[in-house]
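Participant: To start, I am sharing the structure in question, which I have written as structure tokens.
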Amino acid sequence: MNTELFKITDENRETQAAVSAIERAGKILKSGGLVAFPTETVYGLGGDALNPQSSRKIYAAKGRPSDNPLIVHICRWEDLAAIVKEIPGAAEKLGRAFWPGPLTMIFEKSELIPAETTGGLATVAVRMPEDKTALALIQAAGGYVAAPSANISGRPSPTLAKYVREDLGGRIDMILDGGPSCIGLESTIVDLTEGAPTILRPGCITKEMLSKVLGEVETDRGLSETEGGEAPKAPGMKYRHYAPKAELTIITGEEEAVVKRINGLLEAAMKKGLRGGVIATDATKDRYRAASVKSAGDRANEEEPARELYRILREFDEEEMDVIYSEAFAESGIGQAVMNRLLKAAGHRLEKV
Ligand code: TXA
Ligand code: MG
Numbered sequence: 054m055n056t057e058l059f060k061i062t063d064e065n066r067e068t069q070a071a072v073s074a075i076e077r078a079g080k081i082l083k084s085g086g087l088v089a090f091p092t093e094t095v096y097g098l099g100g101d102a103l104n105p106q107s108s109r110k111i112y113a114a115k116g117r118p119s120d121n122p123l124i125v126h127i128c129r130w131e132d133l134a135a136i137v138k139e140i141p142g143a144a145e146k147l148g149r150a151f152w153p154g155p156l157t158m159i160f161e162k163s164e165l166i167p168a169e170t171t172g173g174l175a176t177v178a179v180r181m182p183e184d185k186t187a188l189a190l191i192q193a194a195g196g197y198v199a200a201p202s203a204n205i206s207g208r209p210s211p212t213l214a215k216y217v218r219e220d221l222g223g224r225i226d227m228i229l230d231g232g233p234s235c236i237g238l239e240s241t242i243v244d245l246t247e248g249a250p251t252i253l254r255p256g257c258i259t260k261e262m263l264s265k266v267l268g269e270v271e272t273d274r275g276l277s278e279t280e281g282g283e284a285p286k287a288p289g290m291k292y293r294h295y296a297p298k299a300e301l302t303i304i305t306g307e308e309e310a311v312v313k314r315i316n317g318l319l320e321a322a323m324k325k326g327l328r329g330g331v332i333a334t335d336a337t338k339d340r341y342r343a344a345s346v347k348s349a350g351d352r353a354n355e356e357e358p359a360r361e362l363y364r365i366l367r368e369f370d371e372e373e374m375d376v377i378y379s380e381a382f383a384e385s386g387i388g389q390a391v392m393n394r395l396l397k398a399a400g401h402r403l404e405k406v
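Note that my numbering has the sequence shown beginning at 54, numbered continuously upward.
Shown next, in the form of structure tokens:
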């Protein structure tokens, strides 16, 4: 299959070429094809959420287990009612505060959503993204676009169109390139179907932000458990995701001690003939003796590692590292989501120094 690539930026958005590319992409989705598109979090792999065949195609293209449900993307609040059984008061409050944006809410699903889209669950995940290209595409497609992250299952979510092409080129009909994703990590997921609102996946919208709107908010216990603990409620969180080819270990502690320990580990790895990489920060990047050092940005600004993490993990894969050592990052704001993804990528290997 030939995969068409079309770039849409704020500069060309209003041109006839861009408008007709969106129309073409909408038609592809309506007729059961697949289109990858930018969102503010990560790139999504879209199909018609109301068409069971489209959902099957999404699972096949990603190599994703079909019990792992998809997020349905909408572009207008009015479209929500048709796909859910009821809209709880909490959802109205969250919608008003955070939609369009990087928040996904779980509802009881209506008959309109086929079981294929929700991996057989009676609930459905819904998000209204903020990215202009995403919103235009959803509208052109008829209002309901099922979209997981646009990566091969088990690889980091793509934050650039070139990563979508690497993973899915030749397997899907079209890729809309919107440049680098501005957040870089997947949306926060909140379950509104049982008891108190519960975070199933941390993201840019933090627990504190949700609590300001809703009062009490819980965090799924399955999230904090390591191997063998309670299963996470979002089926996707149980898979070993975001796993780089190299063995990744996180080293945490005072800066001096971390730099010293990582340099010691690198030296030992080198003696064994292993290629070592480091995920550092701007302040420490020149202090490591490694085959490859990548800075995740300014330590004081947790939005930078959020934006850079998946790109760095993919680059280390390309460079065929054997081992990677990463500094730990601040857990304030989106930093909590950064550490959640980093720990998963590391298979929970964390050393305190
Ligand atoms: O930021 C995002 O959310 C991106 C962009 C493209 O919107 N999408 C994304 O989708 O990250 P995906 O499929 O890679 O992750 C969806 C997560 C999975 O962990 C899945 O198990 C969970 O959402 N999920 C979906 N429907 C659910 C449901 N009904 N109940 C519980 N978890 C659900
Ligand atoms: Mg994903």
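Heads up, the beta-carbon is just placed ideally off N, CA and C, and yes, glycines get one too.
None of these values were measured; they are calculated from a predicted model.
Determine the burial state of PRO118: buried for a count of at least 16 other Cβ atoms within 10 Å of its Cβ, exposed for fewer.
Facilitator: Exposed: under 16 other Cβ atoms inside 10 Å.
Participant: Taking only three categories from DSSP, how would you classify TYR216?
Facilitator: DSSP places TYR216 in helix when its eight states are reduced to three.
Participant: Take LEU190 and list the residues in its own chain whose beta-carbon comes closer than 8 Å to its own, dropping the five residues that flank it on each side.
Facilitator: Cβ within range, chain order: ILE75, ALA78, GLY79, LEU82, VAL88, PHE90, GLY99, VAL198, LEU229.
Participant: Could you tell me the boundaries of the beta strand (DSSP E) in which LYS347 lies?
Facilitator: LYS347 -> beta strand (DSSP E) spans 345-348.
Participant: Please classify LYS405 as buried or exposed, where buried requires at least 16 other C-beta atoms within 10 Å of its C-beta.
Facilitator: By the neighbour-count rule (16 or more Cβ atoms within 10 Å), LYS405 is not buried but exposed.
Participant: Find the nearest neighbour of ALA296 within the set LEU165, VAL346, ILE377, PHE382, judged by alpha-carbon distance.
Facilitator: Among LEU165, VAL346, ILE377, PHE382, the Cα nearest to that of ALA296 belongs to ILE377.
Participant: Figure out for me which residue from ALA175, LEU403, LEU165 has the closest Cα to the Cα of GLU247.
Facilitator: For the residues ALA175, LEU403, LEU165, the minimum Cα distance to GLU247 belongs to ALA175.
Participant: For SER385, which residues of its own chain have a beta-carbon under 7 Å away from its beta-carbon, when the five flanking residues on both sides are left out?
Facilitator: Contacts found: GLU355.
Participant: ARG360: which of ALA321, GLY142, THR56, VAL95 sits nearest, CA to CA?
Facilitator: Closest option to ARG360, Cα to Cα, is VAL95.
Participant: Assign THR415 to buried or exposed, taking buried as 16 or more other Cβ atoms, counted over all protein chains shown, within 10 Å of its Cβ.
Facilitator: The structure shown does not extend to residue 415, since the chain is modelled only from 54 through 406, so no value can be given for it.
Participant: Buried or exposed, going by whether 16 or more other CB atoms sit within 10 Å of the CB of GLU280?
Facilitator: Since pLDDT at GLU280 reaches only 49, below the 50 mark, its modelled position is unreliable, and the value read off the structure follows with that caveat. Result: exposed.
Participant: Between LYS60 and the rest of its own chain, which residues show a CB-CB distance below 6 Å, the 5 nearest in sequence each way excluded?
Facilitator: Result list for LYS60: ASP230, in chain order.
Participant: Between the C-alpha atoms of LEU103 and GLU261, what's the straight-line distance to the nearest angstrom?
Facilitator: So the alpha carbons of these two residues sit roughly 34 Å apart.
Participant: Less than 8 Å between C-beta atoms, sequence neighbours within five positions excluded: which residues of the same chain meet that for ILE387?
Facilitator: Around ILE387: ILE236, LEU238, GLY256, CYS257, THR259, GLU355, GLU356, ALA359.
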